[in-house]
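**Student:**
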DNA sequence: TCATCTTACACCTTTGAAAGGT
DNA sequence: AACCTTTCAAAGGTGTAAGATG
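In the working numbering, the protein residues as written are 48 to 359.
(1) Where does residue 84 sit, in a helix, a strand or coil, going by DSSP?
(2) For the alpha helix (DSSP H) containing residue 177, name the first residue and the last one.
(3) Alpha carbon to alpha carbon, how far is residue 230 from residue 191?
(4) Check residue 234 in the structure and name its three-state DSSP category.
(5) Nearest-angstrom Cα distance between residue 130 and residue 62?
(6) For a quick check, are the C-beta atoms of residue 363 and residue 211 less than 7 Å apart?
(7) Taking C-alpha atoms, which residue in 116, 113 and 100 lies nearest to residue 54?
(8) Mapping DSSP to helix, strand and coil, what is residue 362?
(9) I'd like to confirm the pairing. Which residues does DSSP put opposite residue 57 in its beta bridges?
(10) How far does the beta strand (DSSP E) with residue 147 in it extend, from its first residue to its last?
(11) Name the DSSP bridge partner or partners of residue 209?
(12) Straight-line CA distance for residue 203 to residue 181?
(13) How big is the Cα-Cα spacing for residue 365 and residue 102?
(14) Output yes or no for whether 7 Å exceeds the beta carbon distance between residue 91 and residue 149.
(15) Near residue 198, what residues of its chain come up, given a Cβ to Cβ distance below 6 Å and the 5 sequence neighbours on each side ignored?
(16) Roughly how many angstroms lie between the CA atoms of residue 177 and residue 65, to the nearest whole one?
(17) Whole angstroms are fine: how far does the CA of residue 225 sit from the CA of residue 169?
(18) Does DSSP put residue 226 in a helix, a strand or coil?
(19) Quick one, which of 233, 205, 209 and 77 has its alpha-carbon nearest residue 58's?
(20) Determine, using beta carbons only, whether residue 122 and residue 175 come nearer to each other than 7 Å.
(21) Evaluate residue 152 with the Cβ neighbour count: other Cβ atoms within 10 Å of its Cβ, from every protein chain shown; 16 or more gives buried, anything less gives exposed.
(22) Buried or exposed, going by whether 16 or more other CB atoms sit within 10 Å of the CB of residue 78?
(23) Helix, strand or coil: which one does DSSP assign to residue 64?
(24) Is the separation between the beta-carbon of residue 135 and that of residue 105 shorter than 7 Å?
(25) In angstroms, rounded to a whole number, what distance separates the CA positions of residue 219 and residue 117?
(26) Residue 108: buried (16+ other C-beta within 10 angstroms of its C-beta) or exposed?
(27) What is the DSSP secondary structure of residue 221, counted as helix, strand or coil?
(28) Buried or exposed for residue 222, please, with buried defined as at least 16 other CB atoms from any protein chain shown within 10 angstroms of its CB.
(29) Among residues of its own chain, excluding the 5 on either side of residue 245, which ones have a beta-carbon nearer than 6 Å to its beta-carbon?
(30) Over what stretch of residues does the beta strand (DSSP E) that includes residue 138 continue unbroken?
(31) I'd like to confirm the pairing. Which residues does DSSP put opposite residue 125 in its beta bridges?
(32) Cα-Cα, which of 69, 80, 209 and 114 is closest to residue 160?
Now the structure itself:
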């Protein structure tokens with residue numbers, strides 16, 4: 048889907064995200080934060096090649112419910128915790144031309160998720176456990192290099208959201224993470240990880256942990272986690288699954304917060320979201336005990352049904 | 001009592017420096 | 001000296017499980 052201004056954003060590893068959507072769970076850790084897996088890696092098209100843009104990512108609470116995992120289902124058993132301010136993370140490349148952004152995958156692999164509201168670490172995003180979250184990309188066009196440009200567009204990818212947890216709830220998600228994340232390979236059935244720990248404290252030598260393969264052991268060239276080079280690669284969406292992002296024109300029509308939300312805030316600083324009002328109170332109702340199909344297709348896919356929020 | 005969170009841990013990959021060979 | 005290969009160690013990314021917390 049292409050926005051009214053012609054900008055199109057797609058998620059490169061959409062197929063992997065789709066695999067996990069039952070729903071996806073992301074681990075939060077307090078001190079150092081936990082990286083997201085699968086990573087969020089986007090491609091963008093339709094920018095003015097010579098204009099300057101910045102790209103931001105933030106997480107958006109999807110509703111005002113707190114969930115728990117019982118009887119193999121997510122149940123919204125309580126009202127959500129008080130909303131914390133939004134933290135928008137600016138892409139490390141900073142302001143770049145449209146050509147730059149369109150030329151390569153846009154990865155936010157440096158982002159870490161934490162549940163520590165007092166964290167001040169760059170690239171850390173504080174989320175609340177047992178709540179539903181959705182990643183949102185903001186593309187900001189810089190007029191004459193001015194960061195206070197009014198041209199912002201937000202993009203949300205259909206079916207890409209997750210439950211924030213401190214420990215995995217759904218065993219199926221845990222299995223998928225172990226199978227697909229190379230750093231968890233020690234937990235695969237072929238791995239050597241011991242559930243009982245008789246050898247704790249004994250550090251092995253590097254040759255034990257990293258046996259030399261028969262060919263060269265020179266460090267591999269730097270690539271992103273999915274093997275892409277930093278330069279653009281063509282990406283094709285999986286068939287029968289539209290992961291292209293929703294255009295903001297649609298959001299403007301349906302989301303009365305959009306103008307408020309984008310009005311006059313400073314990028315890179317914590318934002319305060321608008322208050323709950325009649326509009327989102329009306330649409331924030333969620334069926335309890337959603338089945339998996341419903342969970343995979345939140346009832347408001349184009350627009351978040353809840354923007355949650357503190358006093359404005 | 002129980003659900004959730006925190007933390008230390010083993011096991012893994014990645015990275016890059018040092019050492020050795022050509 | 002310059003370059004390449006091999007070895008090694010540290011850093012960092014995982015899920016696990018025991019204990020702590022409320």
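Glycine included, every Cβ here is placed at the ideal spot set by N, Cα and C.
**Tutor:** So, to answer that:
(1) coil
(2) Element bounds for residue 177: n/a, residue is neither H nor E.
(3) 43 Å
(4) helix
(5) 31 Å
(6) The question about residue 363 has no answer, for the chain in this structure spans 48 to 359.
(7) 100
(8) As displayed, the chain neither begins before 48 nor continues past 359, which places residue 362 out of reach and without an answer.
(9) 90
(10) That residue, residue 147, is in no beta strand (DSSP E); its alpha helix (DSSP H) goes 145-150.
(11) 71 and 180
(12) 8 Å
(13) This structure does not reach residue 365, given that the chain is present from 48 up to 359, and the question cannot be answered.
(14) yes
(15) 188
(16) 20 Å
(17) 28 Å
(18) helix
(19) 205
(20) no
(21) buried
(22) exposed
(23) helix
(24) yes
(25) 14 Å
(26) buried
(27) helix
(28) exposed
(29) Caution is warranted here: a pLDDT of 35 is assigned to residue 245, below 50, making its placement in the model unreliable, and the coordinate value is therefore given only provisionally. Correct list: empty, nothing qualifies.
(30) No beta strand (DSSP E) holds residue 138; DSSP gives it neither H nor E.
(31) 113
(32) 80
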